[in-house]
Structure formats: C-alpha cells, structure tokens
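**Q**
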Amino acid sequence: MAQCPRGQGGVGIANPEDDSPNMIVYRKIENVVCRLQEEEGGVAIRTVKSFLSKIPSVVSGSEIVQWLMTNLSIEDTAEAVHLGSLIAAHGYFFPISDHVLSLKDDGTLYRFQSQYFWPSNCWEPENTDYAIYLCKRTMQNKARLELADYEAENLARLQKAFARKWEFIFMQAEAQVKIDRKKDKVERKILEGQERAFWDVHRPVPGCVNTTEMDIRKCRRERNPQRVKKCVYGITDEGQPPSAAQPPTHPCRTSTREDVQKEISFLSTQLDRHCMRMSKVADSLMGYTEQFMEYDPFVTPPEPSNPWLSDDTSFWEVEARDPNQHRVKKWSFSLEEALKDPVGRDQFLKFLESEFSSENLRFWLAVQDLKRRPQQDVCARAQDIWSEFLAEGAPSSINLDSHSYDRTSLNIREPGRYSFEDAQEHIFQLMKSDSYSRFLRSSTYQDLLTARKKLPTESEQGRRTSLEKFTRSMGKSLTGKRLTGLMPSS
1 MAQCPRGQGG VGIANPEDDS PNMIVYRKIE NVVCRLQEEE GGVAIRTVKS
51 FLSKIPSVVS GSEIVQWLMT NLSIEDTAEA VHLGSLIAAH GYFFPISDHV
101 LSLKDDGTLY RFQSQYFWPS NCWEPENTDY AIYLCKRTMQ NKARLELADY
151 EAENLARLQK AFARKWEFIF MQAEAQVKID RKKDKVERKI LEGQERAFWD
201 VHRPVPGCVN TTEMDIRKCR RERNPQRVKK CVYGITDEGQ PPSAAQPPTH
251 PCRTSTREDV QKEISFLSTQ LDRHCMRMSK VADSLMGYTE QFMEYDPFVT
301 PPEPSNPWLS DDTSFWEVEA RDPNQHRVKK WSFSLEEALK DPVGRDQFLK
351 FLESEFSSEN LRFWLAVQDL KRRPQQDVCA RAQDIWSEFL AEGAPSSINL
401 DSHSYDRTSL NIREPGRYSF EDAQEHIFQL MKSDSYSRFL RSSTYQDLLT
451 ARKKLPTESE QGRRTSLEKF TRSMGKSLTG KRLTGLMPSS
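Reminder that position 256 of the sequence shown reads as 256 in our numbering, one-by-one numbering, no gaps.
1. Measure the C-alpha to C-alpha separation of Asp-384 and Ile-427 and round it to an integer number of angstroms.
2. Mark Lys-136 as exposed unless 16 or more other C-beta atoms lie within 10 angstroms of its C-beta, in which case mark it buried.
3. For Tyr-436, does the three-state DSSP call read helix, strand or coil?
4. Below 8 Å CB to CB, which residues in the same chain sit around Glu-319 once its five sequence neighbours on both sides are set aside?
5. Cutting at 6 Å between CB atoms, please list the residues of its own chain near Pro-323, excluding the five before and the five after it.
6. Can you say whether Gly-393 is buried or exposed, counting buried as having 16 or more other CB atoms within 10 angstroms of its CB?
7. Between Pro-307 and Thr-313, is the Cβ-Cβ spacing less than 8 Å?
8. Is the region 325–340 close to the region 432–442, with three or more CB pairs under 8 Å?
9. What is the C-beta distance between Ile-64 and Gly-84, in whole angstroms, given that I count them as a contact (C-beta under 8 Å)?
10. Determine whether the beta carbon atoms of Gln-113 and Ala-197 lie at a separation below 8 Å.
11. With 16 as the cutoff for other CB atoms within 10 Å, does Lys-262 come out buried or exposed?
12. Taking C-alpha atoms, which residue in Arg-373, Glu-75, Tyr-110, Phe-51 lies nearest to Leu-36?
13. Would DSSP call Pro-247 helix, strand or coil?
14. Please give me, in chain order, every unbroken run of the alpha helix (DSSP H) with length at least 4 that falls completely inside the region 44–112.
15. Leaving out five residues before and five after Lys-183 in sequence, what residues of the same chain have Cβ atoms less than 8 Å from its Cβ?
16. Beta-carbon separation of Ile-132 and Gly-193 under 8 Å?
17. If contact is defined by three or more beta carbon pairs under 8 Å, each pair taking one atom from either stretch, is the region 358–368 in contact with the region 394–401?
18. If I follow the unbroken alpha helix (DSSP H) through Met-165, where does it start and stop?
19. Am I right that Pro-56 and Val-186 are in contact with their C-beta atoms under 8 Å? What's the rounded C-beta distance?
20. Within the continuous alpha helix (DSSP H) that includes Thr-289, where are the two ends?
21. By DSSP, does Arg-203 sit in helix, in strand, or in coil?
22. Between which residues of its own chain and Val-100 is the CB-CB distance below 7 Å, once the five residues before and five after are set aside?
23. Between Ala-161 and Glu-258, what straight-line distance do the alpha-carbon atoms span, to the nearest angstrom?
24. Would you give the residue range spanned by the alpha helix (DSSP H) that Ala-366 belongs to?
25. If we count the other Cβ atoms within 10 Å of its Cβ and call it buried at 16 or more, is Glu-353 buried or exposed?
26. Look at the Cβ atom of Ala-380, then the Cβ atom of Leu-370, and state whether they are nearer than 8 Å.
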C-alpha cells in the first residue's frame, strides 16, 4: 500500500501553494486518509481469503467507522458513517464490489485509492480516456470486469461519437491490456479496482453525485484558469499524444494594472455586500410559517370541513359570500395578499375611488390582465393601456417617475406582455407605501375586521317586517320617537 509522507513530492500530494477552491477540502481529507493508512495508529490492511481466491489490501467498513469515531472524537455512529461516505464519494477509498461510493458500517470490504488517482491532482479526464477504459474492460474475460448496464450504454454512445478514430482508441486499449498482463496478479487486481473507482468518481453511476463538478461561482474565483487538463492514458480528444517538448498552446498571461484594479473592485464589492445572519433568516421563516399556519387547511382544519379531504363544499360556499374576520385579517399581511382576494381587491378599489386615485389600481390590474391575454391580442391591448393611462392627455393619467416613463415609452414601440413592467412595479410600490397603509386604517376595513357589520338574523328580519306592516296601517302620524319605542331591543 502506498505511503503518505508529506515531505516527499509524491504525485498525489496536494500542492500547498495551489489556491483552487476545492484544494483546502482535499488537503483535509488526505490528512485523514494518510492517518488511516499509517502502520501504527491506522486501520489494519490485510488480505482476506474468499472461497476460491484471495482479496488483497482491504479493510472492512466497520473498522473505518470505528477508527473515525476514536481518532476524530466523533460520538455518533451516523456522523462517522456520513463523514466516511463523503471521503468515499471523492474516491479516497472504495468498496471492492460496488460502483456506489459510500461507506457502510458492516463487513463490506474497502480498498484505499492510489495517490496517483487522488482528485487533488486536478484530473479532468477526457471522453477518449473513458472510451479506452471501457474498451479495455470488454477485452478482459472476467466476470468482475463485466460492464454494467449504464457503462455499456456509455460505450455505445462513445463509439458512435468517436467513430472516425475508434480504431486508434481500440489500439490504445489493446496496448494497455498487454502492459497489464505483464504485471503481477495481485498488483493487477489492485490496479483494476483502483482504476474502476477512479472512473466511478469522474463518471459516476446514474443517480450518484459527481463530486468533481465545480460550482460556477468557484470557477470565477479560480486562481489558475490556464490549468492544463491531464490525460489518463496519454491521448487527448484530438487523438494526439501530448509531447513534453511542445510549448503550451495558451501561455499564462501576466497580470496587468487593469486586472489588479478589477480584482480590487470586485473584492470591495464583496466586502460591501449585504449578508443576513442565518439566525435572522430562520426567525423570518418561522414567523412566516406561524403567520400563515392557520390559513393552511391541511395544517389547521377549516370550518365546517376541509373540501380538499371531503365531499362537503360548504367551506367554498361560505368563502364565496361576504368575508369573515379570519379572511379579512389576511389582507393586513401585505398588499399582495389583499390583491389576491377578489373581495379584498374590490374593497381596496372602492377605497381608492374615495381618494380619487383608483387609476393606480386599475392600471395595475390592466397590466396583470395583459400578461394573461392571447398573443394575438397583446399588441392592441398594450396600445389601449398606453392611451388610457400614460399617453399625453390620457383620461386616467397615472403618476410615474421619469426613469420608468422613459423605459415604458421605449418598450411600447414594440409592444409585448412585459412592456409595462417598470411602470407596474413603480405603481405597486407607490400603492404599497401610501394608499395601502391608509386603507388598513380606514373605517371600511376596521368595520370588516371587527365584524361590526353583521347580517340580521331571520327572527330580526321577521320582527322588523311585522313592525313595518303595523306602521303602514296606523298611518304616517306615528312619530319617529314612538316608532323607536315600539321596536324590540336587541
């Protein structure tokens, strides 16, 4: 088994001067893996006898889990298994009989990966390398090297893609097989397992996570964008073997003053960027959940019954009539919630009419309707909205800032569903900051909220009808004062 001396410049040792985003993670993992393989203090690597053969250089999953708990001060077994699975997903050790790179706390046998195949070497293998590997597997008459279904599909796809140079790939695979046959049987068996695990990392089983993919934001922060791809078997996608005598095609460019200024500007922007603490985000999410919990019929059963779980539609019939306190209260959460409710939208429109500013909401609703119109009606409807609300001398002119008006004027030259997006957003913010707060303080909303306007019961209506008949029979000589005395007290 390969040793891990930090002082020697081995192939698999991460360069401490490499500042690529994943390299810090690789260094930490490799430190743990090296400790795992130490002769004193590591796990016992042994050869296990099977029914007809021997399995060299393996260790059980339970031993790895036990070592992680003992040496990394992990108390929970599940946490140790999770950490080991993360290390296995990067290919530092692998199960000898499974393509899924994960750690199990049982007698499953694992083998450590060679330093040559460690991901800290910045491997970016080409599809031609993968084609050679799969082609080489088909040449070896062994049950353990038989291609899986997804590998057979990949081989057929690669053979179709590289049809013109498939003969060259086949020759390379033959040469590799001849070289492998000259090696010792035990060494060859170990190398075959390590090579298979390498490709399980870079071409994983469908459904497994590819740990070699790098986030696009990390790629932008990459300090060495001119990094040269490494070829596993010595050929590139163009089919030509790399030559050490050839100079690099893209030489590294030295940083200029402009590059440094751009980097300083970018870092300054990052320092000024607003970041929200996780505790505040969690508090906000909890507050939102608590606020809307009573409005979720699956969390809080509604009265009289939940129509989504039963055949009773009384809940919808009640909702279709005048809103109750529970429904009116939701309008105060935000302007969006008030406009979602048809009754809330109508009440808000009536309030704006009383303030002579209903054109704002009518414009917002017209733009919302424009977004849902058929494509053939969009152009004509957009012109109608412009003529009614934004054109010079429009009958329902709205108040826009110069920036929104200029953007909308430019967009209306080629009308579309989103030509009024800037104007609509400006009007919405205007209603939200001004009219909406006054609507919540208005007597109309307060009456609905406190349910002071209650519908009269059937008995009250019957008494009032009888009283009206009695009043008409007595004539109009009955004074208002006496009429009040005759009415029953509520």
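We put the beta carbon where it would ideally sit given N, CA and C, even for glycine.
**A** To lay it out plainly:
1. 18 Å
2. buried
3. helix
4. Arg-327
5. Val-343
6. exposed
7. yes
8. yes
9. 6 Å
10. yes
11. exposed
12. Tyr-110
13. Any reading at Pro-247 must be qualified, since the residue scores a pLDDT of 40, below 50, and its modelled position is unreliable; the value itself is stated next. Reduced to three states, the DSSP call for Pro-247 is coil.
14. 61–71, 77–89
15. Leu-191
16. no
17. yes
18. The amino acid occupying residue 165 in the given sequence is Lys; Met does not appear at that position. First-last for Lys-165: undefined, no H or E at that position.
19. 5 Å
20. 278–292
21. coil
22. Val-205, Cys-208
23. 42 Å
24. 358–371
25. exposed
26. no
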